[in-house]
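First up is the structure itself, then whatever we jot down about it.
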Ligand code: MSP
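In this note's numbering, the protein residues as written are -4 to 507.
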């Protein structure tokens, strides 16, 4: 029997704390995840894309208390902000997981129970410092001026309580081996070097994974001791298991586990590259292939915060510029992995220079020429010339590099190759100058230049789809196609048949 196996791609974003509506920083990770999900989908992979909200813990409990409502009422009221923002940015997640979902709670209990039964959890006393905003422990030397959390610059709390610990230290050698042997487990590579250095210098300490109920009741109950609730980070990390159907859709879980790419911000690397794989090793799960930690965005050079007014609402931006321009800008302007700055001035510049001038003009130009000389019908043309072959060589190089960059998560370079692909077609038109050939009565050259350009715009549309799904859809309609070309099907010649009628042309990007 021939068994057809489809390749799969499972990608995750962090789950966001819903104590604030999303801002451009959280939108950034989610947009890049959507771009990668659409890329693999267009290549014919079966894709599962998970995002959601992290709803337990002290921070949310306190915010709800301040508002005089229950924590659950509070998180219920905040989740729609995320769903609306993601919808406006055309984020096509396959599941939006909430850590208050019943299947998540059940999954967490089962998995921590497994770790407990294995002997990797013991009772002890925690004495130390904690930042409620980060929901994480600090040691005095991590703090700014000896008292402030280095991320939020707010005072940390001193905690002293009975807790259960996870034996993280037991996994130190396995983790170091993992980083050294599996070069793609933590990316970019500098971040991995940092982890190796830190662990080798300081050693791994066991980590508290429960809270006594008298201190915090808003969380998942510890399955072997009802006087404790689980630490919010352990609860949150396990969303990547429950979200893909561990309890409620076993077939899906078996198909997609383990994650291929887990995107995170650099501030939560420790949880994802140290605690998370150790929990998985302990519970006996296959490890994710890649944890990719991107940099931090500032807005006009300033930290994103409510008080500075830099917590721009992504929905406002979409209303002003359209989702494709925002998606394009985020992928194009910030080298993925590094810190970057979001500025509307830059966004407008990229929109005008690259989207309107390069891509928009190219498509308008080719459709106009086809209309003028061939009544909007793809012409028949004779064999390829040397110039055509040379251009095909260049385009092939851009397309191959585009794929390499996407597969290596260098999304910004993949966008660049898309622009270079469009520039190459523009240069080809300038070189072959079909308008002059027409004047000279050389109809065959006109037909060849137009047929080739249309074929290449077809490929360009497939390349653009992951970044700009709306634009790809519009171009496909203008090309008279029933659906958006897929990256798995495109060729450098022969995509559009002679006699094919194009659709109505329309300006794709108005200059801002
Ligand atoms: N709830 C945890 C994640 C649990 S995942 C199992 C959390 N939530 S968060 O809402 O505080 O942050 C979510 C993500 O947003 C993190 O990856 C964080 O790095 C990212 N960002 C927050 N501010 C950011 C910027 N200014 N720029 C880029 N990403 C930013 O941590």
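Yeah, the Cβ is synthetic: ideal placement off N, Cα and C, and Gly gets one too.
- CA-to-CA, the gap between residue 225 and residue 204 works out to about 6 Å.
- A distance of 8 Å or more separates the beta carbons of residue 220 and residue 163.
- Between residue 169 and residue 73 the beta-carbon gap is near 38 Å, outside 8 Å, which marks them as no contact.
- Residue 288 places its beta carbon 8 Å or farther from that of residue 312.
- When the five nearest sequence neighbours on each side are left out, the beta carbons in the same chain lying within less than 7 Å of the beta carbon of residue 296 are those of 336, in order along the chain.
- Taking 7 Å as the cut-off, the C-beta of residue 24 counts as close to a heavy atom of the ligand MSP.
- The segment 151 to 159 and the segment 115 to 126 touch, with no fewer than 3 CB-CB distances between them shorter than 8 Å.
- Inside the segment 295 to 351, DSSP marks whole beta strand (DSSP E) runs of 3 or more residues at positions 335 to 337, from first to last along the chain.
- In this structure the segment 28 to 39 does not touch the segment 412 to 422; the number of beta carbon pairs closer than 8 Å is below three.
- For a cut-off of 8 Å, the C-beta gap from residue 161 to residue 96 is around 23 Å, too long to register as a contact.
- The three-state secondary structure of residue 167, taken from DSSP, is helix.
- In the three-state reduction of the DSSP assignment, residue 180 falls in the coil class.
- The Cβ neighbour count for residue 469, taken over all protein chains shown within 10 Å, is at least 16; the residue is labelled buried.
- The continuous alpha helix (DSSP H) containing residue 24 extends over residues 19 to 37.
- When C-alpha distances from residue 489 are compared across 463, 499, 445 and 464, the shortest belongs to 445.
- With fewer than 16 other CB atoms across the displayed protein chains lying within 10 angstroms of its CB, residue 120 is exposed.
- Less than 8 Å separates the beta-carbon of residue 260 from that of residue 291.
- DSSP places residue 463 in the coil class of the three-state scheme, outside both helix and strand.
- Relative to the ligand MSP, the beta carbon of residue 461 is positioned no closer than 7 Å to any heavy atom.
- If you check the CB distance, residue 245 and residue 223 do not come in under 8 Å.
- Taking 8 Å as the cut-off, the beta carbon of residue 372 is found closer than this to the beta carbon of residue 494.
- Inclusion of residue 429 and residue 441 in the CB contact set at 8 Å is warranted, their separation being smaller than that value.
- In the same chain as residue 4, and ignoring 5 residues on each side of it, the C-beta atoms closer than 6 Å to its own belong to 35, 40, 42 and 255, in chain order.
- Scanning the segment 353 to 384 for uninterrupted alpha helix (DSSP H) segments of 4 residues or longer gives 356 to 369, listed from N- to C-terminal end.
- For residue 9, the enclosing beta strand (DSSP E) covers residues 3 to 11.
- For residue 279, the number of other beta carbons within 10 angstroms of its own is below 16, and it is reported as exposed.
- Buried is the label assigned to residue 257, since at least 16 other Cβ atoms lie within 10 Å of its Cβ.
- Distance between residue 52 and residue 94, taken at the CA atoms: about 11 Å.
- In the structure shown, residue 142 falls within a coil segment according to DSSP collapsed to helix, strand and coil.
- Between the ligand MSP and the CB of residue 234, the shortest heavy atom gap is smaller than 7 Å.
- Of the residues 117, 268, 196 and 227, the one whose Cα lies closest to the Cα of residue 158 is 117.
- By the criterion of a C-beta distance shorter than 7 Å, residue 355 is surrounded in its chain by 502, 503 and 504, once the five residues flanking it on both sides are discounted.
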